[in-house]
Amino acid sequence: MGERMAAMEARGEIDVLIVGAGVNGAGLFRDLTAQGLDCLLVEKNDYAAGTSAAPSRLIHGGLKYLETGEFRLVAQSTLERNLLLANAPHYVKPLPTLIPIFSWTRGIGAALRTLFGSKSAPRSRGALLIKIGLMLYDFYGARHRVMPKHSTAGRAASLRDLPALTPDIVATGTYYDATVTHPERLILELVRDGLADSPRSAALNHVRLERAADGALTVHSLTGEAAAATVRPKIVVNAAGPWIDEVNAILGEPSRMIGGTKGSHILLAHPDLLKELKGRMIYFEADDGRICLVFEYLGRALAGSTDIKAANPDTVRCEADEVDYLLESLRKLLPKLRFTRDQLVYVYSGIRPLPASDAKDPGLITRDHATPILEPVAGRPYPVYSLVGGKWTTFRGYAEEVADMLLTRLSKTRKVSTRDLAIGGGRAYPKTDADRKAWIAKLARESGLPEARIGELLAHYGTGASAIAAHIAAFPGDAPLPDAADYSTGEMDYVLRNEQVGSLSDLVFRRTTLAVTGRLTARLVAALAQQTAETFGWDTARQNEEIAAVRERLKTFHGVDLK
């Protein structure tokens, strides 16, 4: 990145500076670089370290948005879901979803009131209301359809299929959405794709932004590993999510655009629950009317989420009462199963960067996006576009909208559509079981690694496994990591040397799924810290600081105490 930044600084003026490397910032970076623009993406922490790392891990069309009349958002979301299933098949997978139904006709009046602007959400959504919703969902999801339409089942058939489900149901409905298995890595791949498309562009994590003279902006390394660089952007895009107002203040434009809500999730070690789910998600209504969900995520049961107004994204965490709320909701949904705190392996929370709102019910704040523009003024010759709101699923479509706005402003035209553009390891991904077996066998022959190991790499990186398998084959003494045999030292060496890792936390929380699946142990953290220190030349003091930072984050924000 040093050479790219030096060249960019020497040129002086660049087309676009994007602040914030969550999914919206990374998606826009990929879109703009594909059009041939010079772009600089900067992030104060790590790629995907903020809100984008704390989703429900769903790629969904937004069934509940039908209630609030956001039909355009549902139409866009279902389309983008279908496109992601095609463009990122290594990380985005179909997810059959079951809705328990507790009455036949309840909720219609409340739903109509909500549709026409009521400030309270409907409760006790009955079979008729859900059936209408699922039919509309099928209709909006027809473009690029890749999954079956919905179906319904009566009480007896539903309980035979899922015996642990509460007998209070009258029926169930089943429809299809999708899950994203590695959201942090998908964002990293968007960044890497953008860098590959445009040698004149750059992306920096762990940097601080400040204003300089004459409309310039300076970025300072927070790791001390690079010199400060100054650029003059024609346009600035503020994609800082819940930190948007803070970034605008740095740019000299105090604002109040964000009024986020907190969403918390828990992960459980619960084999009996996974056996009942059979690969499905249950999408259900808690006692307070809040929509909750539970599904299998990488061998754990993921349950969420809460929706509580919150202001500080730096201190947000899943609190004890939220854990109790989710566990109690699961007990009432599945009364034959046991749900206790000793099953918890990880918790997390993030702030949804929603537009500032006075809505009493956080669930009624729109999940749609908007792009307010601060036009140039004296001392700030560039406009600032702020990306407010949005959702994980629609990042590509939102990036396309904003990119077209910026291209028009720069008097340029779109060269490439991202609609059918594969992401990272989704390129040439083997989509059938036969193709997958053939792909694995071929790479095993070429690399000399066992087929089982190639299968693990394919799950971790998609077709990016080819480069990593070659690296592992040439890495002396490659060995499985302690307590995580599906990762290895050669694999970590590739990640450390090629994926802009700036801290041990980057490695354990975002480049791998070791933390979120609750598999970190003191021994594993120590081994990763040792390898990272040897790779980057850290001294013992730095190594111990990195271990302490990981331990503190696990304990404070994720409910994990490494003894």
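Residue numbers for the sequence shown follow my numbering, so the first one is 3 and each next one is one higher. C-beta atoms are modelled at their ideal positions from N, C-alpha and C, and glycine is treated no differently.
Cβ-Cβ separation between Glu82 and Thr373: approximately 17 Å, too far for a contact (criterion under 8 Å). Excluding the 5 residues flanking it on each side, Ala230 has same chain C-beta neighbours closer than 8 Å at Thr220, Val221, His222, Ser223, in chain order. For the pair Asp179 and Ser160, the Cα-to-Cα distance works out to about 20 Å. Between Ile132 and Ile171, the C-beta spacing is not below 8 Å.
Going by DSSP, Met407 is part of the alpha helix (DSSP H) stretching over 397-411. A contact between stretches requires three or more CB pairs, one per stretch, nearer than 8 Å, and the segment 297-304 meets this requirement with the segment 260-275. About 7 Å separates the beta carbon of Ser200 from that of Gly38, a gap short enough to meet the 8 Å contact definition.
If you look at Lys264, you'll find it in the beta strand (DSSP E) that goes 263-270. Close CB contacts of Asp274 within its chain, under the 7 Å cut and outside five residues either way in sequence, are with Leu339 (chain order). In the three-state DSSP reduction, Glu72 falls in the coil class, being neither helix nor strand.
If one requires a minimum length of 4 residues, the alpha helix (DSSP H) runs lying completely within the segment 143-226 are 157-163, 185-199, in chain order. Residue pairing from DSSP places Cys41 in a beta bridge opposite Val18. Sixteen is the threshold: when 16 or more other Cβ atoms of the shown chains lie within 10 Å of the Cβ of Thr465, as they do, the residue is buried.
Judged by DSSP secondary structure, Tyr350 falls within the beta strand (DSSP E) whose first and last residues are 346-354. Residue ranges of uninterrupted alpha helix (DSSP H) with 4 or more members, entirely inside the segment 502-551 and ordered along the chain, are 524-538. With a cut-off of 8 Å on Cβ pairs, the segment 502-514 is in contact with the segment 550-559, counting three or more such pairs.
By the criterion of a C-beta distance shorter than 6 Å, Glu191 is surrounded in its chain by Ile425, Gly426, once the five residues flanking it on both sides are discounted. For a cut-off of 8 Å, the C-beta gap from Val233 to Ile16 is around 5 Å, short enough to register as a contact. Bridge pairing for Glu298: Ala303 [DSSP]. Residue environment: Trp106 is assigned as exposed (fewer than 16 neighbouring CB atoms within 10 Å of its CB, all protein chains considered). In this model, Ser153 and Thr534 are separated by some 50 Å (Cα to Cα). By the criterion of at least three beta-carbon pairs nearer than 8 Å, the segment 482-495 is in contact with the segment 514-525. If the five residues before and after His208 are omitted, its C-beta is found closer than 6 Å to the C-beta atoms of Leu224, Thr225, Gly504, all from its own chain and listed in chain order. Cβ-Cβ separation between Gly243 and Gly450: approximately 43 Å, too far for a contact (criterion under 8 Å). Checking the DSSP bridge columns, you'll see Thr232 partnered with Thr220. About 31 Å separates the Cβ atoms of Glu45 and Ala77, ruling out a contact at the 8 Å cut-off. As computed with DSSP, Gly391 is found in a beta bridge with His371.
Note on Arg512: 16 or more other CB atoms within 10 angstroms of its CB, so buried under the neighbour-count rule. In the three-state reduction of the DSSP assignment, Thr415 falls in the coil class. Out of Tyr489, Glu493, Ala461, the CA that lies nearest to the CA of Ala475 is found in Glu493. Counting along the chain, Thr434 sits inside no beta strand (DSSP E), nor does DSSP assign it H or E at all. Of the candidates Ile103, Lys439, Arg447, the residue whose Cα lies closest to the Cα of Tyr285 is Ile103. Across the set Arg213, Arg32, Val193, Gly262, the C-alpha of Gly262 shows the shortest separation from the C-alpha of Asp316.
Apart from the 5 residues on each side of it in sequence, Leu87 sits with its Cβ closer than 6 Å to the Cβ of Val94, Val148, Ala180 in its chain, given in chain order. Rounded to the nearest angstrom, the gap between the Cα atoms of Val182 and Ala50 is 14 Å. For Leu329, the closest of Arg343, Trp540, Arg319 by C-alpha to C-alpha distance is Arg343.
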